[in-house]
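Asker:
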Amino acid sequence: MFKQLPYLQLSVGTLLLANLAVVEQFGKTLAFIPNNKVAPPQQLLAQSAGNFSDYRLGAGDQIFIQVQRHPELTVNSAITPEGTIVIPGIGKVFVQGLTIAQAEAAIALRLNQFYVNPIVSVTLLAQRPLAVTITGEVARPGFYPLQPNISLSEALLIAGGVTPASNLASVKVRRTLATGEVTTQTIDLLTPIKSATPLPSFTLSDGDVIIVPKQDISQARNDESAAIARSKLAAQVPVSVTVTGEVSRPGLYPLPPTNARISDALLAAGGVTQLSDLRSVRVRRITEEGKTTEQTFDLLTPLQKGDGLPELRLANGDTIIVPKQDIRSAQNYNSAIAEKSQLTARVPIAVTVTGEVAKPGLHILPAGSTRISDALLIAGGITAASDIAAVRVRRILADNSVIEQTLNLLKPLQTGEPLPDFRLAEGDTLIVPKRALGISNDSVSALAANSTFGSQAPVQVTITGEVTKPGFYSLPPAAKISDAILIAGGTTLRADLRAVRVRRALGDGRFSEEIIDLFTPLQNSQPIPDLRLATGDAVVVSTLPPGEDLAYDRQLVARSTLAKPTISVRILSYAGGNSGTLELPNGSTFADALRGIPLDTANLRKIALIRFDPEQGKAVTLHLDGKQAIMGNPSQNPLLQDNDAIVIGRNLVARITYALNTFTQPFRDILGFLLFFQSLQNSARDLFGPGR
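The structure is reproduced here in structure tokens:
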């Protein structure tokens, strides 16, 4: 926009107005262009020139030269880049760096060569643009030609405004005086900005250098940077910052000038991870001297209290560092508040779960489900052998050092308190150790197995010793010892339930073993021990030592829930004329079996009980008197066990005994013993035919 202003005329002490073409910007006149028309002297208006007595002429100044009684010498021209002015008929006169008075004297001295006592008047029609350098924390540092009488704040606006890192309390203006002396003046623009009062009207001069220093981040205050960002001096250009550490997408990010806070930078980087420690977010800034300064900000406390986050505005080149949380103090960190905040990234994380879980390995936890219990559930739950009093979380820090934190999940289960609010993070390893046998009571394993994160996977165990069907079995989740014994067919009559051994591998070649007494609870009508088995456990049912043990009630064991409910006894009798199988309750005696068989007196005296002995790998025969058994003779009334064979009749006993004695192949197991009697049943005609 251009408009006409009156001329300015300066003689030795006078400033007069003249026509000028003026450039306006931001509502202020910043630069101007002189009109080439010369106004007649009678139109000039006298005005004080106090501020121009020290003004030094320079290239670009528009001046008007008059010589009394010599109108032909009148000049209206700009000083050339070489600093000269051309007088008609006289030539060039050097006026660069001279005051108005000095220029008049220099021109008069030159005219004295041709004229007698010339009276010279020099009028400044238009000042040249001020050459001002603006450096430091402005949007566009550089060299600027500015309108005369421009203020400091207007010059800063022409340079694009100040950055959020500017230290407006110490803006410096460096000026070189005519004597060559360099002076520096410090101007406080921050105080009026904070107090909403007018800015200082400091006027610039040609050659001034404006320096806007950078604020040391360690001295930065939230209210100051926020006030600068809201002021009219604030630069409206993006701010480029680097975000590193525990954010979803570390890198360099341009932030809008109105959204250049720490929280804005974290959101631009995708939010902080579950591993972040919002109590100690660091902002690093390099000063003009190359010095690195740093300040730590607590973002967690404002989130906990519902207060606003720090308003500190970031600047170009700032680095935001989100540290990794030290898991050793993680239990004192309110991760739930952090996770629910807008600063936390909603992304899945990958963690490794090892040890006593159903599905060890690498697992992906959904966003927002990063607690230890979430990881245990996604890994199939903990086994009954897990030591949940010593669950470990292993984390690798930024410097590749490894730290571990041990968490007690057992105590909350015992007391009904909430589980530790410990949040896992990307790359964490969760280790559930195996609990050694015998170091805690059975209720611990039962509590772990019945908890919400107990595994529902089958348990693979080995059962050996005095059970009907030793072998490798898959048991339901949280299986007890009694479940293992029952699935193996129950105990035999030779089982010693006072010393059932459970063996567990702990890793690294170490084993743990516990001896459990199942007989005493049966004897005293107490609950059976509630120890839960885990995959890999081995259960060994011991054998009764040789000889009669009056303190051990075999019949009690046989009739307990630890033995199979019924037993099968094969009967071979001449009285029946064939063989058959009798189903009896476990714990039945020889006399119990005889009560269901029609016997004559002769046959009653000649009976054999044949039983497979797994230790000898052969059948053993016990000759019994049935009449004595029925009459209550304990020596003739032994307890029966599954797959026993009762042979009745003298001739039949003799034939079968002979067959067993002449059988060349030993019985490898009970199956061979059963197949032998099956073969006798298939040849019943020979066995029960004439001549019996």
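Okay, so the sequence shown: first residue is 1079 according to this note's numbering, each after it adds one. Ideal Cβ positions, reconstructed from N, Cα and C, are used throughout, including at glycine. What you are looking at is a predicted structure, and each value in this text was computed from that prediction instead of being measured.
#1: Can you tell me whether DSSP reads Leu1108 as helix, strand or coil?
#2: From the DSSP output, read off the bridge partner residues of Leu1662.
#3: Would DSSP call Tyr1736 helix, strand or coil?
#4: In the DSSP assignment, find the alpha helix (DSSP H) that holds Ser1318 and state where it starts and stops.
#5: Considering Gly1704, what are the terminal residues of the beta strand (DSSP E) in which it resides?
#6: Given this structure, state the Cα-to-Cα distance separating Lys1402 from Asp1376, to the nearest angstrom.
#7: Can you pull the DSSP bridge partners for Tyr1551?
#8: On a CA-only basis, which of Ala1503, Glu1434, Leu1575, Val1480 is nearest Lys1783? Give me that one, please.
#9: Does Gly1105 pass the burial test, meaning 16 or more other C-beta atoms within 10 Å, or should it be called exposed?
#10: CA-CA distance, Lys1115 and Ala1209?
#11: Which class does Leu1730 belong to by DSSP, given the choice of helix, strand or coil?
#12: Enumerated in chain order, which unbroken segments of the beta strand (DSSP E) with a length of 3 residues or greater are wholly contained in the segment 1188-1238?
#13: Between Ala1338 and Pro1278, how many whole angstroms is the CB-CB distance? I'm expecting something under 8 Å.
#14: Taking the alpha-carbon positions, what's the Lys1705 to Ile1645 distance?
#15: From the DSSP output, in three-state form, read off Glu1482 for me.
#16: On the premise that Ala1671 lies in contact with Ile1734, defined as a C-beta separation below 8 Å, what is that separation, rounded to the nearest angstrom?
#17: Would you be able to state if there are at least three C-beta pairs under 8 Å between the segment 1138-1153 and the segment 1202-1222?
#18: Within the same chain, show all residues whose beta-carbon is closer than 6 Å to that of Val1287, passing over the 5 residues directly before and after it, in chain order.
#19: Mark Ser1231 as exposed unless 16 or more other C-beta atoms lie within 10 angstroms of its C-beta, in which case mark it buried.
#20: Ile1143 and Val1194 - do their beta-carbons sit closer together than 9 Å?
#21: Check Asn1528 in the structure and name its three-state DSSP category.
#22: When the distance is taken between beta carbons, is Ile1427 closer than 9 Å to Ala1503?
#23: Measuring alpha carbon to alpha carbon, tell me which of Val1580, Asp1586, Arg1588 ends up nearest Leu1596.
#24: State yes or no: is the C-beta of Leu1246 within less than 9 Å of the C-beta of Leu1224?
#25: Taking the straight line between their C-alpha atoms, what separation do you get for Pro1607 and Lys1489?
#26: Considering Cα atoms alone, identify which of Pro1599, Ala1312, Ala1467 is closest to Arg1391.
#27: Taking Cβ to Cβ, would you say Val1647 is nearer than 9 Å to Ser1620?
#28: Run through the DSSP bridge pairs and tell me what Pro1332 is partnered with.
#29: Any contact between the segment 1598-1614 and the segment 1681-1698? By contact I mean 3 or more CB pairs, one from each, below 8 Å.
#30: Spatial neighbours of Thr1162 within its chain, please: C-beta separation below 8 Å, excluding the five flanking residues on both sides.
#31: What does DSSP give as the partner residue(s) for Thr1667 in the beta ladder?
#32: State the DSSP-derived secondary structure class of Thr1699, mapped to helix, strand or coil.
Answerer: In terms of the structure at hand:
#1: Reliability of the predicted coordinates at Leu1108 is poor, the pLDDT of 42 falling under 50, and the value obtained from them is presented with this limitation in mind. Looking at Leu1108 - three-state DSSP - the assignment turns out to be strand.
#2: Ile1645
#3: In the structure shown, Tyr1736 sits in a helix (DSSP, three-state: H, G or I).
#4: From DSSP, Ser1318 is part of no alpha helix (DSSP H) but of the beta strand (DSSP E) over 1317-1323.
#5: Premise fails: Gly1704 lies in the alpha helix (DSSP H), 1704-1708, not in any beta strand (DSSP E).
#6: 14 Å
#7: Tyr1551 pairs with Val1539.
#8: Outside the shown range of the chain (1079 to 1770) lies residue 1783, about which nothing can therefore be said.
#9: No answer about Gly1105 holds up, because its pLDDT of 43 lies below 50 and its placement is not dependable.
#10: At Lys1115 the pLDDT is 35, less than 50, meaning the model places this residue with poor confidence and gives no usable figure here.
#11: helix
#12: 1198-1204, 1208-1214, 1220-1224
#13: Not confirmed; about 26 Å, so no contact.
#14: 23 Å
#15: strand
#16: Contact doesn't hold; Cβ gap of about 17 Å is too wide.
#17: yes
#18: Thr1211, Arg1252
#19: buried
#20: no
#21: helix
#22: In contact: Ala1503 and Ile1427 (Cβ atoms closer than 9 Å).
#23: Val1580
#24: Against a cut-off of 9 Å, the Cβ pair of Leu1224 and Leu1246 comes out as no contact.
#25: 21 Å
#26: Ala1312
#27: no
#28: Ser1318
#29: no
#30: Cβ neighbours of Thr1162 within its own chain (closer than 8 Å, five residues either side excluded): Lys1170, Val1171, Phe1172, Val1173, Gln1174.
#31: Leu1717
#32: strand
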